[in-house]
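Visitor: 3 is the number of the first residue of the sequence shown in the working numbering; add one for each residue after it.
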Amino acid sequence: FPGLIRKRKMVTGMFLIFIACTIFIIFSIFNEIKINNGISDIITQFFISYAVINLFTMWLSLYLIEAMIERKKLKEEMNRSEKMRIIGELAASVAHEIRNPLTVVHGFMQLLGSDKIQESKKEEYLQIMMAELNRAQSIITDYLSLAKSEIGTREQVNMEQLIQQIVTIVSPLALLNGVEIRCSISMTELPYLHTDPEKIKQCLINIMKNGIEAMTNGGILQVNVHKRSDDFIIDIIDTGIGMTSEEIKQLGMPFYSTKEKGTGLGTMVCYSIIRGLNGKIEVTSQKGKGTCFSIIIPAC
Ligand code: ADP
Ligand code: MG
């Protein structure tokens, strides 16, 4: 039955209910004749209404169920094509973003190839080329991690240990910017979270790096882990340059970056990972004062 086309399903359903009604009416007529030696008008009317109501109800039910199934299929189809559209657009913009550094490198290589170039300039040009190639590499790395942001295997992760690992990873950058990292875990139970450790690590590194990069003149990066009812919350608070509400709205948009060497893909990857974990990211910020990123993940 589910394999039939809509029209056939309707016909089959109507045919089945017609047979059921006919059998019921035939038996009832025999019974009536046996008991009352005939059929009264009121009983005939009852049989007619019975058949009509049954047939109509069957038709309406089939129609509504089929319409609902069709709508669901259409929605799934739309979601899929929307996803493909976004991936396609993103791939186009990644290609565009990578072309810029390549053009710069191409130009400088041509310059290096000419005889008139001064020896002293060569080192400077090479450094610019290196920086541009690094930028292209970061864009590719971030784009690939976005493509792979689906959640993999989940396991019980000790968040205290995980955060310590991340602090070790980002501490050279913190040292460079004169930033002190402070962690506080305030929970009555052990800080275990059932999640994908690699993804959550990637997300926390991106947000902590942004926090550190926002404090060019040093400051404090505070990481707080706590639980609120059934949610696991990780707050990452910096005392950096902060953002206006307009800037907060742009977060998570591909290639939105205010940094000279930024890729503008870091927060996008974070949003996609946390969405995959059924969680959310809340951002509060004050221009010139600092920013708080709250990652909220359902604990179970
Ligand atoms: P990138 O770091 O490569 O610029 P991101 O997606 O990580 O890209 O961040 C996008 C932009 O969001 C940054 O360029 C910056 O302007 C802003 N931003 C993110 N985090 C912070 C923060 N903690 N404080 C101030 N601005 C931030
Ligand atoms: Mg970043």
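Glycine residues also receive a C-beta, built at the ideal position from the N, C-alpha and C atoms.
Keep in mind the model is a prediction, meaning the values are calculated, not measured.
(1) For the alpha helix (DSSP H) containing Ile7, name the first residue and the last one.
(2) Give the secondary structure of Lys282 by DSSP, where H, G and I count as helix, E and B as strand, and everything else as coil.
(3) Assuming Leu267 contacts Tyr127 (C-beta within less than 8 Å), just tell me the rounded distance between them.
(4) Specify whether the segment 245-258 and the segment 275-288 touch according to this definition: at least 3 beta carbon pairs, one from each stretch, less than 8 Å apart.
(5) With which residues is Lys229 paired in a DSSP beta bridge?
(6) For Ile239 and Glu182, what's the separation of their Cα atoms in angstroms?
(7) Quick one: measure Cβ to Cβ for Glu200 and Gly154, integer angstroms, because I've assumed they're closer than 8 Å.
(8) Compute the Euclidean distance between the alpha carbons of Gly281 and Ala22, then round it to the nearest angstrom.
(9) Which word fits Arg137, buried or exposed, when buried means at least 16 other C-beta atoms lie within 10 angstroms of its C-beta?
(10) Would you mind sorting Pro4 into buried or exposed? The rule is 16 or more other CB atoms within 10 Å of its CB.
(11) What residue range does the alpha helix (DSSP H) around Asn212 cover?
(12) Give every residue whose Cβ lies closer than 5 Å to any heavy atom of ligand 2, listed in chain order.
(13) Using three-state DSSP, classify Asn81 as helix, strand or coil.
(14) Just checking, does the segment 159-173 make contact with the segment 223-230 on the three C-beta pairs under 8 Å criterion?
(15) Is Thr1 near ligand 1, going by C-beta to nearest heavy atom under 8 Å?
(16) Please report the straight-line C-alpha distance between Met189 and Gly292, rounded to a whole angstrom.
(17) So Ser296 and Asp237 are in contact, right, with Cβ under 8 Å, and what is the actual spacing, rounded?
(18) Take the Cβ of Val271 as the centre, count every other Cβ of all protein chains shown within 10 Å, and call the residue buried at 16 or more, exposed below.
(19) Is Gln252 near ligand 1, going by C-beta to nearest heavy atom under 8 Å?
(20) If you draw a straight line from the C-alpha of Ile298 to the C-alpha of Ile275, how long is it?
(21) Count the other CB atoms, across all protein chains shown, that sit within 10 Å of the CB of Asn102; report buried if there are 16 or more and exposed otherwise.
(22) If contacts are defined as beta-carbon pairs under 8 Å, then Glu215 and Lys251 qualify, I think. What distance do you get, rounded to the angstrom?
(23) Tell me the residue span of the beta strand (DSSP E) that contains Pro300.
(24) Enumerate in chain order the residues of its own chain whose CB-to-CB distance from Phe49 is below 6 Å, with the five nearest sequence positions on each side excluded.
(25) Assign Glu191 to one of three DSSP states: helix, strand, or coil.
Guide: Quick answer:
(1) First-last for Ile7: undefined, no H or E at that position.
(2) strand
(3) Actually they do not touch by this definition, with Cβ atoms about 27 Å apart.
(4) yes
(5) Phe234
(6) 12 Å
(7) 7 Å
(8) 51 Å
(9) buried
(10) exposed
(11) 199-215
(12) Asn212, Gly268
(13) helix
(14) yes
(15) Since the first residue shown for the chain is 3 and the last is 302, residue 1 is missing from the structure and cannot be characterised.
(16) 25 Å
(17) 5 Å
(18) buried
(19) yes
(20) 12 Å
(21) exposed
(22) Wrong, their Cβ atoms sit about 20 Å apart, outside the cutoff.
(23) 292-300
(24) Ile27
(25) coil
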